[in-house]
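Chains as they are written, first to last, in my numbering: chain A, 1 to 353; chain B, 354 to 706.
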């Protein structure tokens, strides 16, 4: 499986998501035509771009055990994308982040619907309520896609334990993330712990386990953890760098969005360790201000670069990625899939989106 | 099974929930001691009172097919209570309802935690984020309780389709409810439709189907629908009456809470139909005001009574309950369980809590 095959895999996942959301949308509008905006927003959000890392890693986790490709398994793996959709929709509400993929976040979309339809009451509250429900719906749909994937009863049951653990860890990691913001953490160690739970386990390690569990091969969990945990951290660190330095055109989020939201990332923690007292003062007083100007964002970016934090985090990303890739060498993972996982490791950590 | 046995059933459900949340709480605090408040709040909310109607109806749905009592099945049925916990936690956020069972709602609880811990940032936003995550966690835990219930693979798979439909309908019904508030609906017909989806199907019909599906007896769905749909509507109408006239000591919500939240219930729709233009004006201008005084609540209550709406809704509750109970007479449902379902019908519609 080469790059081309990875692209093809992503296309297949997109097709599964399109078919599934079509059927779900119809079922929603059967309940009532008033649900048309919900059906439409769900379909748009789910099918509109997305890197599909979690289904891809899950399917590679399955194939890496030596199991043969099967479309039902890919469908089951695609359920993880819907869990992720729930996380994104709810995350944007929690962070007060109004843009996603260069479009209004779901809560903003329904706020506009309220405004444009001259509904009664508070439009912000309507947007909030809608986003909570659409996120819940995505979480429930994940279950349904897995149930209806066509995998055997045995495969379905085998996957349940990892599926439960993954979702528990996701919610726990999200809470830790919110809490670190409230604690205004500047500890590198603590920020790394959050990165590990919020994204490390959830984005890569657990999807790989999920795939192995569908194959009934829990023997592979350890190898996948040795690869997935460091890579997951590197993945989150890349996210953190993009949250500060990413190009809005490719990230789909405004420049410096993480700074406005006051995210306590490893990048910020390292900057705080390295910065001068004056610089530290500027960071503390600017971080988390929703109305931070473009100039202030630029000033913070400069401090982060000058402090050496960006370099350190880039170095850490490289090291973690190297550790991940090395771990595959002496593993029982199928040699052909090892090559693809290496490729995915580079894609996941060197991306600009 | 008599009243005493229903009480015993409720005790067993409470025990299952206590054991399950104990294990889940430990697992959360294993991830990090920072999750202690989450673990504690989940345990308190889940184990503290609750009528347990959905697990009870589900278990009766199972027994009604003639199947023999089994503790694993009761555990599986108890999963429905955790779906309900998600709905309650998220509902309170969406409605801006600050009290639940005479205690602070989850978002208020975490808002206080933020205030009392001198956390940084906006305490209201912290409360909101926490409540979204705790609701999500309850939804995920529902799945886990079902998976770990000990039912056979076949039973587990049989129950999946109803379980998915039920949760879809819940979210759709909640959206319709929020939308009706925004549309400031005064149509009795539309309010009844919301009552049907929001609670009618979700609270009684679907739990009964869920139980029958665990028994592998989809033949019983039709009988259970004939009983469950009208009863579910009556159940929701009772909720609506309690939301306006309920005693805070027993409902655990402030008097007239639904009026402050501007809920567009059947009770309000009938009042609007019957009221004089002056009274209609008072209702329109008062409904949905979060700071509505005790006097204004009393004035609205008086209009609702005087308009005859309370009487009409009470009559409707009685009729729907009668229709539900009659439907059981010529059904294939086990005779002993028919008696218990009749008893539950009275409990669900004549309650004060």
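Ideal Cβ positions, reconstructed from N, Cα and C, are used throughout, including at glycine.
Residue of the options minimising C-alpha distance to residue i
i	options	result
residue 314 of chain A	A:266, A:344, A:24	A:266
residue 440 of chain B	B:388, B:417, B:453, B:614	B:453
residue 174 of chain A	B:485, B:515, B:472, B:525	B:485
residue 516 of chain B	B:554, B:559, B:533	B:559
residue 379 of chain B	A:172, A:320, A:322, A:104	A:172
residue 582 of chain B	B:547, B:514, B:704, B:614	B:547
residue 501 of chain B	B:521, B:393, B:424	B:424
residue 279 of chain A	A:302, A:39, A:293, A:200	A:302
residue 77 of chain A	A:276, A:352, A:300, A:53	A:53
residue 75 of chain A	A:158, A:112, A:39, A:19	A:19
residue 97 of chain A	A:68, A:296, A:291	A:291
residue 434 of chain B	B:472, B:522, B:491, B:603	B:491
residue 468 of chain B	B:458, B:480, B:459	B:480
residue 459 of chain B	B:679, B:488, B:625	B:488
residue 334 of chain A	A:68, A:42, A:11	A:68
residue 621 of chain B	B:648, B:601, B:463, B:660	B:660
residue 639 of chain B	B:443, B:539, B:612, B:447	B:612
residue 706 of chain B	B:404, B:357, B:577, B:507	B:404
As assigned by DSSP and simplified to three states, the class of residue i
i	result
residue 457 of chain B	strand
residue 99 of chain A	strand
residue 543 of chain B	helix
residue 478 of chain B	helix
residue 664 of chain B	helix
residue 504 of chain B	coil
residue 560 of chain B	helix
residue 408 of chain B	helix
residue 334 of chain A	coil
residue 66 of chain A	coil
residue 263 of chain A	coil
residue 254 of chain A	coil
residue 184 of chain A	coil
residue 175 of chain A	helix
residue 167 of chain A	helix
residue 131 of chain A	helix
residue 569 of chain B	coil
residue 118 of chain A	coil
residue 196 of chain A	helix
residue 497 of chain B	helix
residue 414 of chain B	helix
residue 352 of chain A	coil
is_contact[residue i, chain A] using C-beta, thresh 7 angstroms
i	result
residue 500 of chain B	yes
residue 485 of chain B	yes
residue 532 of chain B	yes
residue 389 of chain B	no
residue 634 of chain B	no
residue 468 of chain B	no
residue 506 of chain B	yes
residue 490 of chain B	yes
residue 625 of chain B	no
residue 563 of chain B	no
Run of the alpha helix (DSSP H) containing residue i, from where it starts to where it stops
i	result
residue 626 of chain B	619-627
residue 396 of chain B	389-400
residue 227 of chain A	221-245
residue 19 of chain A	3-31
residue 291 of chain A	Where residue 291 of chain A is concerned, there is no enclosing alpha helix (DSSP H), given that its DSSP letter is neither H nor E.
residue 249 of chain A	248-251
Chain B contact for residue i (CB, 7 angstroms cutoff)
i	result
residue 303 of chain A	no
residue 140 of chain A	yes
residue 256 of chain A	no
residue 90 of chain A	yes
residue 16 of chain A	no
residue 31 of chain A	yes
residue 112 of chain A	no
residue 260 of chain A	no
residue 121 of chain A	yes
Measuring CB atoms only, is the region 407-421 of chain B touching the region 564-572 of chain B, in the sense that at least three cross pairs come out at less than 8 angstroms? yes
Taking one C-beta from the region 254-271 of chain A and one from the region 360-375 of chain B each time, how about it: are there three or more such pairs within less than 8 angstroms? no
Say whether the region 688-706 of chain B touches the region 588-600 of chain B, bearing in mind that this needs 3 or more beta-carbon pairs closer than 8 angstroms, one atom from each stretch. yes
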